[in-house]
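Heads up, the thing below is written out as structure tokens.
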Amino acid sequence: MHDQSPSSSRQQPQPAQTGAESRVRDRVRQIATDLGQTAIREVLFVDGNSFMARYDTRHDTLTFQRGWMDAAGGPESDAVTWTIHHELGHRGDKNASTVAWMTGLAVLVVIPVAALVWGLWRSISDAVKNDFVFETDTLLPAVASILIGVAIVAPLRWLLEFRADDFAADRLGDADGLGAAFDATPSTIGRRTGTPTHPPVRTRLGRQRRRHPRAA
Ligand SMILES: [Zn+2]
926 MHDQSPSSSR QQPQPAQTGA ESRVRDRVRQ IATDLGQTAI REVLFVDGNS FMARYDTRHD
986 TLTFQRGWMD AAGGPESDAV TWTIHHELGH RGDKNASTVA WMTGLAVLVV IPVAALVWGL
1046 WRSISDAVKN DFVFETDTLL PAVASILIGV AIVAPLRWLL EFRADDFAAD RLGDADGLGA
1106 AFDATPSTIG RRTGTPTHPP VRTRLGRQRR RHPRAA
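For what it's worth, our numbering labels the leading residue of the sequence shown as 926, then goes sequentially.
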């Protein structure tokens, strides 16, 4: 068990410290080798149980939450096995991840900033003729472009999650670990509706159960 210190949400992820953490790290390295991937740079741990694990493409690190790993049943559990495969699925899906990242940069940063500059430029050129009045309309193009951007990026991010789930289910032959992984996560945020980055839990489970029907 792990103490949840109040500062846990901001703490720095650390390398494996306990026997269980070393076993997870060794399992990640072994599964990566089995999948034909290169050795992952680092497997890290952080307190808490709000998510399962997170793969960081830029630093090539995989971070697990200690509280979640305990709730999931430890390093050898189905949930941890599933999660390692899912995250390494993301790791192997580099081209699709890059497309999603570049699209996100364009539609959530570049276009909104351009819309904001355009809106401000219009207000300022109006102000040359009249008194400068900051109209909320100035922000409308930027706000609208962010909303449209989320509508473009969310399906791409959902697709990446489905692809990582498909990869794990196809390697493991079933989706039991996915259900177990969700059961160990108390957070209900996005469970029914999904979030901009993750499809609803029910949709993800339903998809894998259709792809891998249980033998009767
Ligand atoms: Zn994922």
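Beta carbons are placed, not taken as given, at the ideal position from N, Cα and C, and that holds for glycine.
{"query": "Using DSSP with H/G/I as helix, E/B as strand and the rest coil, what is R979?", "result": "strand"}
{"query": "Based on the DSSP output, what are the partners of E967 in its beta bridges?", "result": "T986"}
{"query": "So within the region 1072–1128, which uninterrupted alpha helix (DSSP H) runs reach at least 4 residues, ignoring any that extend past its ends?", "result": "1101–1108"}
{"query": "Which residue from G999, D985, H984 puts its Cα closest to that of R991?", "result": "G999"}
{"query": "Helix, strand or coil, according to DSSP, for P1000 in the structure here?", "result": "coil"}
{"query": "Grouping DSSP H, G and I as helix and E and B as strand, with all else coil, what is P1138?", "result": "coil"}
{"query": "What residues match up with P940 in a beta bridge as DSSP calls it?", "result": "L969"}
{"query": "Counting pairs of Cβ atoms below 8 Å between the region 1018–1033 and the region 1110–1119, do you hit three or more?", "result": "no"}
{"query": "Determine the direct distance from the alpha carbon of L1072 to that of G961, and round the result to whole angstroms.", "result": "39 Å"}
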